[in-house]
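Engineer:
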Amino acid sequence: LYFLAENNGLRLVSASIASIIIATIPVFTPLFALPFLRERLSRKGIAGLVLSVSGVAVIVLEKQLVAEFTPAGLLLIFGAVLAAVGYSIAVKKIPTTYRPLTIAKVQSLLGLPFFVLMAVIVEGVPKVLPAPEVIWHLLYLGIFPSSLAFVFLSAGIRVVGANKAMVFTNLIPGITAVVAWLLLGETLTLQKVVGMGIVIAGVLLAQHRSPAADTPGIACSEPPPSGQR
3 LYFLAENNGL RLVSASIASI IIATIPVFTP LFALPFLRER LSRKGIAGLV
53 LSVSGVAVIV LEKQLVAEFT PAGLLLIFGA VLAAVGYSIA VKKIPTTYRP
103 LTIAKVQSLL GLPFFVLMAV IVEGVPKVLP APEVIWHLLY LGIFPSSLAF
153 VFLSAGIRVV GANKAMVFTN LIPGITAVVA WLLLGETLTL QKVVGMGIVI
203 AGVLLAQHRS PAADTPGIAC SEPPPSGQR
């Protein structure tokens, strides 16, 4: 649901606006983590969250914000946000006897028929094979952001909890800027560097834990899993 909503939403909303909305994932996560997981965000966590979202705004608002959006596009992007929040809650609810790799494998197998059906309904059956470079791009998307990323995310949620794990999503715009600079030759401006610094500071602040702050929900207090499947 996340990829379906995000990809279709980006057709109707500018990338800058979509980035800001996606950056609200850590904002909405505590609202659901409290009733469903009994996780509370500390004051430092809240401050770090606000700081990291501010850093994202500095990065994506480097150029004048192009207010290109439609109501349907906004709903789709917010739908992606809710799907991401729901995923973090669901992963935390899964028994620790299941390893993150198992979770990613099962969710991929269950999601495959849905994606194939939606692709046929929306795009139709392709009459020609895609170009080789397109196939390589699709393989990359399937292996790294769609598989390995969810394995690491599931493991992270198990260790630090949903609230803290989702704060790391605000690193995405900064990492994207660095990779685009290294691989695509895009300009890495001072404003982007400052924004990345703010985001990193916010993430570090959100993860910081004083000895007296070891309360349930702020850090995972579960024993190391045994007999994992």
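Numbering (the working numbering), first residue to last: 3 to 231.
Every residue gets a Cβ at the ideal spot worked out from N, C-alpha and C, and that includes glycine.
In this text the structure is predicted, and so the values were computed from the model without any measurement.
1) Can you tell me whether Ser44 is helix, strand or coil according to DSSP?
2) If contact is defined by three or more beta carbon pairs under 8 Å, each pair taking one atom from either stretch, is the region 113-130 in contact with the region 159-172?
3) Would you mind working out which of Val205, Thr191, Ala59 and Ala106 sits nearest Phe152, comparing C-alpha positions?
4) Enumerated in chain order, which unbroken segments of the beta strand (DSSP E) with a length of 3 residues or greater are wholly contained in the region 138-171?
5) Flag this pair as yes or no: are the beta carbons of Gly163 and Val201 separated by less than 9 Å?
6) Quick check: Tyr4 and Ala82, are their CB atoms within less than 9 Å of each other?
7) Measure the alpha-carbon distance for Gly187 versus Val205 and round it to whole angstroms.
8) In whole angstroms, what separates the C-alpha of Arg13 from that of Ile24?
9) Keeping to the same chain, check which residues put their C-beta closer than 7 Å to that of Glu224; ignore five residues upstream and five downstream.
10) Assign Ala7 to one of two classes, buried (16 or more other C-beta atoms within 10 Å of its C-beta) or exposed (fewer than that).
11) For the alpha helix (DSSP H) containing Pro37, name the first residue and the last one.
12) Find out if the Cβ-Cβ distance for the pair Gly57, Gly197 is shorter than 9 Å.
13) Note down the Cα distance separating Arg45 from Leu51, rounded to an integer number of angstroms.
14) Please check the pair Val15 and Ile96, which I expect to be a contact at CB under 8 Å, by giving their CB distance rounded to whole angstroms.
15) Within the same chain, show all residues whose beta-carbon is closer than 7 Å to that of Ala203, passing over the 5 residues directly before and after it, in chain order.
16) Just the C-alpha distance for Gly11 and Thr26, rounded to the nearest angstrom, thanks.
17) Would you please state the rounded distance, in angstroms, between the beta carbons of Ser156 and Ser110? I believe it to be under 8 Å.
18) So, at 8 Å on beta carbons, what are the nonlocal neighbours of Trp183 in its own chain, with the 5 sequence-adjacent residues on each side left out?
19) Going by beta carbon distance, what residues of the same chain come within less than 6 Å of Gly219, once the five residues before and after it are set aside?
20) Along the alpha helix (DSSP H) that carries Lys95, what are the first and last residues, could you check?
21) Which residues in the same chain as Val29 place their Cβ atom closer than 8 Å to its Cβ, once the five residues preceding and following it in sequence are excluded?
22) Can you look up Thr189 in the DSSP assignment and give me helix, strand or coil?
Structural biologist: According to the structure data:
1) Judged by DSSP in its simplified three-state form, Ser44 adopts coil rather than helix or strand.
2) No: fewer than three Cβ pairs fall under 8 Å.
3) Comparing Cα-Cα distances from Phe152 to each of Val205, Thr191, Ala59 and Ala106, the minimum goes to Ala106.
4) Runs found: none.
5) No.
6) Taking 9 Å as the Cβ cut-off, Tyr4 and Ala82 qualify as a contacting pair.
7) Looking at the two C-alpha atoms, the distance is approximately 27 Å.
8) Looking at the two C-alpha atoms, the distance is approximately 15 Å.
9) In this predicted model, Glu224 has a pLDDT of only 41, less than 50, meaning its place in the structure is not dependable; the value taken from the coordinates is given anyway. Thr98, listed in sequence order.
10) Under this definition Ala7 is a buried residue.
11) Boundaries of the alpha helix (DSSP H) harbouring Pro37: Ile27 to Leu39, taken from the DSSP string.
12) Yes.
13) Cα to Cα, Arg45 sits roughly 10 Å from Leu51.
14) At roughly 32 Å, the Cβ-Cβ gap does not stay under 8 Å, so Val15 and Ile96 are not in contact.
15) Within the same chain, Leu53 come within 7 Å of Ala203 by CB-CB distance, once the 5 residues on both sides are set aside.
16) The alpha-carbon atoms of Gly11 and Thr26 are separated by roughly 15 Å.
17) Actually they are not in contact, since the Cβ atoms of Ser156 and Ser110 sit about 12 Å apart, beyond 8 Å.
18) In chain order, Thr189 and Leu190 place their CB closer than 8 Å to the CB of Trp183, counting only its own chain and leaving out the 5 sequence neighbours on each side.
19) With a pLDDT of only 42 at Gly219, under the threshold of 50, the placement of this residue in the model should not be trusted, and no figure is reported.
20) In this chain, the alpha helix (DSSP H) harbouring Lys95 covers Pro73 to Lys95.
21) Closer than 8 Å at the Cβ level, and outside the excluded window around Val29, lie Leu51 and Val55.
22) Three-state result, Thr189: coil.
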